[in-house]
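Participant: For the sequence shown, the residue numbers in our numbering are 3 to 254.
Beta carbons: idealized from backbone N, C-alpha and C, even for Gly.
What follows is a structure written as structure tokens; I'll ask about it next.
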Amino acid sequence: MISKLIILAAGQGNRLRPLTENCPKGLVPLHGKPLMEWQIASAREAGITEIAIVCGFKAEKMPFEDVHYFFNPRYASTNMVETLKCARSFWQGGFIASYSDIVFEPEMLHQQMNSPHPISVTIDRQWKPYWEQRFENVLEDAETLKMDGEGKILELGAKPVDITEIQGQYIGLTGFADSAIPELEKFLYHSDCPLTPVSYMTDLLQELVSKKICVHSCGFDAGWLEIDSLSDLNLAKDRSTPGKNGLLSIKR
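Shown next, in the form of structure tokens:
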């Protein structure tokens, strides 16, 4: 079972300005608490025992205790994969990597922690109604995701031409079991690695798929929200309720 979470929180989040003028994206408040505080609460509830945060922009603003901190000094010119590499010393034993601008119910993380597959990604099978609330055109900001009948990922992260290319949306949670770490390190640190400092997590996952390395899906129907813009934040306020237990109840 995976018991570690790495939150990729180096970016500023330009689409959330002016809220991110002086704090990183993951510290934008939702119902009076930073997004990452809701994430950490869900992680603890799911059974995560160790949490790392990879900081960058306004790293000194991070308020959380009982977490490991890493720093991406090139946060302004790099992207998710490079940020993940900054926490390499934390990878041992396996981990789940999370975007900092999402909130999710504990069960989503719990299922991924217990996935039987070495590499897994959490996907939203009922993404379309949510995208219809977020975008005038549902193909805007959506990415391809194709799977076989057993949930093995065949393609993800490309710009879709049509909706039939989307069997779900990757939500920003990626699990690497301990058995997958040597393969991940071999790929990322090989001299022929095709990724660049500005590569996204979907670029990494697609490259692994292209190399015939198995990546499986953990499928859910809703249970999460993304806060990538001011309109997303307003929608998240309407679609979530803070509970007395310190967790968010999400209803889309």
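1) Taking the beta strand (DSSP E) that K149 falls in, what are its first and last residues?
2) Do T204 and G159 have their C-beta atoms closer together than 8 Å?
3) My output table needs one value for A61: the three-state DSSP class, helix, strand or coil.
4) Leaving out the 5 sequence neighbours to the left and right, which residues in its chain are closer than 7 Å to S2 when beta-carbon positions are compared?
5) Tell me, to the nearest whole angstrom, how far the beta carbon of L32 is from that of V105; I am working on the premise that it is less than 8 Å.
6) Can you tell me which residues form a DSSP beta bridge with Y202?
7) So what does DSSP say about I4, is it helix, strand or coil?
8) Does DSSP put Q2 in a helix, in a strand, or in coil?
9) So with Cβ pairs under 8 Å, would you call T51 a contact of chain B?
10) Look at S219 and M149 and say whether their C-beta atoms are less than 8 Å apart.
11) W93 by DSSP, collapsed to three states: which one?
12) For the alpha helix (DSSP H) containing V105, list its first residue and its last residue.
13) Cβ of M82 within 8 Å of Cβ of S5?
14) Enumerated in chain order, which unbroken segments of the beta strand (DSSP E) with a length of 3 residues or greater are wholly contained in the region 197-248?
15) Tell whether a beta-carbon distance below 8 Å holds between Q171 and L186.
16) So the candidates are A61, W40, D68 and M64; which of them puts its Cα closest to the Cα of I53?
17) DSSP puts A182 in a beta bridge; with which residues?
18) With a 10 Å radius around its C-beta and 16 neighbouring C-beta atoms as the bar for buried, classify C57 as buried or exposed.
19) Using 8 Å for Cβ pairs, my map puts A182 next to I121. What's the rounded Cβ distance?
Facilitator: According to the data block:
1) Within the sequence shown, numbered from 1, the residue matching residue 149 stands at position 147. The amino acid occupying residue 149 in the given sequence is Met; Lys does not appear at that position. Its beta strand (DSSP E) spans residues L147 to M149.
2) Sequence index remark: in the sequence shown, residue 204 carries index 202 (1-based). Sequence index remark: in the sequence shown, residue 159 carries index 157 (1-based). In terms of Cβ geometry, T204 and G159 form a close pair [threshold 8 Å].
3) Residue 61 sits at position 59 when you count from the first residue of the sequence shown. DSSP places A61 in helix when its eight states are reduced to three.
4) Absent from the structure is residue 2, since the part of the chain shown begins at 3 and ends at 254.
5) Within the sequence shown, the letter at position 30 stands for residue 32. Within the sequence shown, the letter at position 103 stands for residue 105. The pair is a contact, with the Cβ atoms about 7 Å apart (cut-off 8 Å).
6) Along the sequence shown, one-based indexing puts residue 202 at 200. Paired residue(s): none; Y202 is not in a bridge.
7) To locate residue 4, count along the sequence shown from 1; it is residue 2. I4: coil per DSSP, three-state reduction.
8) Look at the range of the chain in this structure, 3 to 254, and you will see that residue 2 is not part of it.
9) Annotation note: the requested chain B is absent from the structure, which comprises a single protein chain.
10) The residue you call residue 219 lines up with position 217 of the sequence shown. The residue you call residue 149 lines up with position 147 of the sequence shown. Yes, Cβ-Cβ distance for S219 and M149 is below 8 Å.
11) Here residue 93 refers to the residue found at position 91 when the sequence shown is read from its first residue. Residue state, collapsed to three classes: coil.
12) Position 103 of the sequence shown holds residue 105. DSSP places V105 in no alpha helix (DSSP H) but in the uninterrupted beta strand (DSSP E) bounded by I104 to F106.
13) As a working mapping, residue 82 is identified with position 80 in the sequence shown. As a working mapping, residue 5 is identified with position 3 in the sequence shown. No, Cβ-Cβ distance for M82 and S5 is not below 8 Å.
14) 218-222, 226-228 and 242-244
15) Here residue 171 refers to the residue found at position 169 when the sequence shown is read from its first residue. Here residue 186 refers to the residue found at position 184 when the sequence shown is read from its first residue. Their beta carbons are not under 8 Å apart, which means Q171 does not touch L186 by this criterion.
16) On the sequence shown, residue 53 is found 51 positions in, with the first residue counted as 1. With distances taken between Cα atoms, I53 lies closest to D68.
17) Position 180 of the sequence shown, counted from the start, is the residue given in the question as residue 182. In DSSP, A182 forms no bridge with anything.
18) Taking the first residue of the sequence shown as position 1, residue 57 is located at position 55. So C57 ends up on the buried side.
19) The count along the sequence shown starts at 1 and reaches residue 182 at position 180. The count along the sequence shown starts at 1 and reaches residue 121 at position 119. Cβ-Cβ separation between A182 and I121: approximately 5 Å, consistent with a contact (criterion under 8 Å).
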